[in-house]
Amino acid sequence: MMHRALLCICTIAVLISFSRAQSSREKQDRRLNPQVPLQAELLASVDANKLSLGASVFAKARVDWNDSSCHLRTGSAVSGHIVAIEKRTKQSKGSSLAIAFDHADCDGRIAPIQFTLFAIIAAPEVDEGAPLRDSATNLGASSTQPHMSLGSGGSSAHAATPIASKDDMSLNGKSSEDNTPKVIQAGQVIGLKKFTLSVGTGPDGASVLTSLKDNIRLEGATQLVLMPRGSVAPTAKPSVAENSTPPDLTAAVTPPPPPEPKPAPLPPPPPPEIDETSICTAPCTLVPDSTDLAAVHASRTLSTAAFGFVPHDTREYSAFDYESTLTYLDAQNLLFTYDPHKLRQRFPAGIRTESMRTVRAVLLDPATLKIKKMVDWQIQGEAQFIWHAAPGQILVHLGHHLRLLDANLNVLREAPVPGQLVFVSASPSGSYIAVGTLHERHTPTMHQQLADDLHIDPEEDIDVQLFDQNFALLLTTRQSSSLPPPVLSDAGEIRVNSIGHDRWRIRELRWDHTEHTIANINSVCHPNISTPLPDSVFLVGCTQSPLQNWYRLIRLDGHPMLNGHGSSEEIEQSSSSSNEDDLAVRIVRCHTSKARGAYFHKQDLKEQEVSVYRANDGKRLFFSTNPAVSLAEQSFALAPDGAQLAILTSDSISLYPIANTSPKIGKVSQATHPTASN
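Here the sequence shown stands for residues -21 to -1, 1 to 657, numbered as in mature numbering (1 follows the signal peptide of the UniProt record, and there is no 0).
Okay, here's the thing in structure tokens:
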């Protein structure tokens, strides 16, 4: 792990030491000693058998790096190429390659800058990002910076505060110990056995990586220590050819060494860690495998064809979409939106092209399913555009604004959204709202080069703003587009961190800079989390044997309330709630097993199951299955009073009564507003 702490690097001749402390003049110039190493990581794997001479190699800066001629921001690209290569053959079992890094993205310009590969740490890590509260620029009440001013029916905004230079997107918040050596020697290769690195001895001052018996392969995210070319003295190492010379059989035979003592037998492996959230004890409900409620019939049904909506569901899907949505605003207003498939408008937007589509919003009376209001909205892109906010309110991304609407679709407040919206994440009560917008990291030339060489969409930056329920701006920060959106509770942020093989820690990091562990869980895949209810977390994970997905609702104190064991045929488990008392869960099943994240077609889907559970003990109040699966992500909605459930199928909207509604649960106390860390 190479994060904010600077590395101490020992060469053969000179010990180079440095510290965080800098003079005030250096701080003003934002320049570091040019001998400070650049901490980088590979953007794609490097395989000697698959490379050719001159092939490009790309890495990204893990932290900010500066010298007199270049400022490299975190995430900026550093490019190099293969200047020498020896591939493994039948005659030569070894391999070697020399990489010269010679260009970097210096504040938006591609500049020639020479780096020497100084050391390798082959311990790829998943960058899990820094918590909002720890990586943010404070714009709270005590800040001298202007707040974003937002009023009814209009908006005005000052320029966003620049991202703090101390922000380090490589901080991952892991609870596991940092096993990276505090001193890195020239030519050191950590995590790869029988590999040697000869620093600066190859063509053009490149470093040569050698393996005497294996093919060289460095995985993506392998960490590299790069030094400015002039600060490194070459350290010669034997080449593959030199080390592969056959031994002189005429030399005097030396007696064999005495046998080494046999090592002591290894202790038995420790027992597997227990996942306490998988143990369902009262008050908790284990989801039954069969229906435990009498069949229920819809009280009202309305064909979506009456609005002229015809789903376009013949394409291949990687996830459910937002072609249509269903949302309860309050007990008297049910919102149905759909795409009438009018011609898209497309506009140039930096490297990408922005598209605008028309979405028709139909406000229905749940008592009669009659239309109360119908409007057309202009929506950017194909992603989610509607979210629950405070009771009786929704957030809608309209054009280039995020608007807060009441139950009659009247605008209460709005905020501009410059650029492409990536995510909106709201706390259960709507008291906090995180908004992420795309910030292009690379120049157009570098972006295209990365896309062509890596065959993936290059990683970008996401500018994150945190608002309160009145749309007052609380803080800003920046994170990588490879990270998931933040998941908010009413008191802070819920985070998932790896703590070992298939082990994960769920924590709540509160705005007042306290934190607590909610649970440690087992899952062979990264768990998905959401907060549909106050004081609770909805988890979706998976097991290997048997191959299945599972879902759980656990309280913030770690006690499980609901435990559902799925199967390999289930491709989605999602939750929704409009109150503090009940939770609706949808499960979509396929005819055959599907890997998580696999592509699918509508004909692959067998049925959708929607259930309603009581939040305080997990008791199931409602159960329904239907083969007419909707491909919409937001296809079910629970009324705020918990008395009615609306379900969208492939061709209709149906309303179902919910019996045995739960007793009320105490309200959540007012949370502390977030502030930036010192």
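A virtual CB, placed ideally from N, CA and C, is assigned to each residue, including glycine.
Since I believe residue 439 is in contact with residue 418 (beta carbons under 8 Å), could you give me their beta-carbon distance rounded to a whole number of angstroms? 7 Å
Is the number of C-beta pairs between the region 25 to 43 and the region 405 to 414 that are closer than 8 Å three or more? no
Residue 496 and residue 482: beta carbons closer than 8 Å? no
Residue from 57, 33, 32, 596 whose Cα sits closest to the Cα of residue 426: 57
Quick one: Cα of residue -16 to Cα of residue 96, how far? Annotation note: pLDDT 38 at residue -16 (below 50); position unreliable, coordinate value reported separately. For residue -16 and residue 96, the distance between alpha carbons rounds to 17 Å.
Bridge-paired residues (DSSP) for residue 521: 528
Within the same chain, show all residues whose beta-carbon is closer than 7 Å to that of residue 522, passing over the 5 residues directly before and after it, in chain order. 503, 529
From what residue to what residue does the alpha helix (DSSP H) around residue 423 run? 423 to 433
Please identify the residue among 541, 174, 470 whose C-alpha is closest to the C-alpha of residue 599. 541
What residue does the beta strand (DSSP E) around residue 296 start on, and which one ends it? DSSP places residue 296 in no beta strand (DSSP E); its state is neither H nor E.
Closest Cα partner of residue 604 within the set 592, 622, 585: 585
Of all the options 64, 15, 78, which has the alpha carbon lying nearest to the alpha carbon of residue 47? 15
Buried or exposed: where does residue 353 fall if 16 or more other Cβ atoms within 10 Å of its Cβ makes it buried? exposed
Distance, residue 299 Cα to residue 362 Cα: 10 Å
Whether or not the region 614 to 630 and the region 299 to 318 are in contact is what I'm after, with contact meaning three or more pairs of Cβ atoms, one per stretch, closer than 8 Å; do they touch? With a cut-off of 8 Å on Cβ pairs, the region 299 to 318 is in contact with the region 614 to 630, counting three or more such pairs.
Give me the residue from 302, 278, 324, 18 with the minimum Cα distance to residue 347. 278
From the DSSP output, read off the bridge partner residues of residue 365. 375
Buried versus exposed call for residue 182 [16 or more other C-beta atoms within 10 Å across all chains shown]: exposed
Identify whether residue 327 lies in helix, strand or coil by the three-state DSSP scheme. Residue 327 falls in the strand class under three-state DSSP.
Who are the near neighbours of residue 101 in its chain, counting only those whose CB is closer than 6 Å to its CB and skipping five residues on each side? 170, 171, 201
Helix or strand or just coil, what does DSSP make of residue 182? helix
Distance, residue 464 Cα to residue 336 Cα: 24 Å
On the CB-based measure, 16 or more other CB atoms within 10 Å of its CB, does residue 577 come out buried or exposed? exposed
Do you know how far the Cα of residue 431 is from the Cα of residue 66? 24 Å
Tell me whether residue 28 sits in a helix, a strand or coil according to DSSP, three-state version. helix
Do you know how far the Cα of residue 62 is from the Cα of residue 92? 16 Å
Taking the alpha carbon of residue 289 as the point to measure from, which residue in 339, 258, 261, 360 has its own alpha carbon closest? Closest by alpha carbon: 339.
Given residue 562 as reference, the closest of 537, 580, 622, 545 once Cα atoms are compared: 622
Helix, strand or coil for residue 256? Go by DSSP, reduced to three states. helix
So residue 395 and residue 416 are in contact, right, with Cβ under 8 Å, and what is the actual spacing, rounded? The pair is not a contact, with the Cβ atoms about 10 Å apart (cut-off 8 Å).
What three-state label does DSSP hand residue 416 in the structure shown? strand
For the beta strand (DSSP E) that residue 356 lies in, which residues bound it at each end? Residues 349 to 359.
DSSP beta-bridge partners for residue 307? DSSP output for residue 307 lists 313 as bridge partner(s).
Output the distance between the C-alpha atoms of residue 660 and residue 59, rounded to the nearest integer angstrom. Outside the shown range of the chain (-21 to 657) lies residue 660, about which nothing can therefore be said.
Report buried or exposed for residue 376, applying the criterion of at least 16 other Cβ atoms within 10 angstroms of its Cβ. buried
Residue 572 burial status per 10 Å Cβ neighbour count (16 or more: buried): exposed
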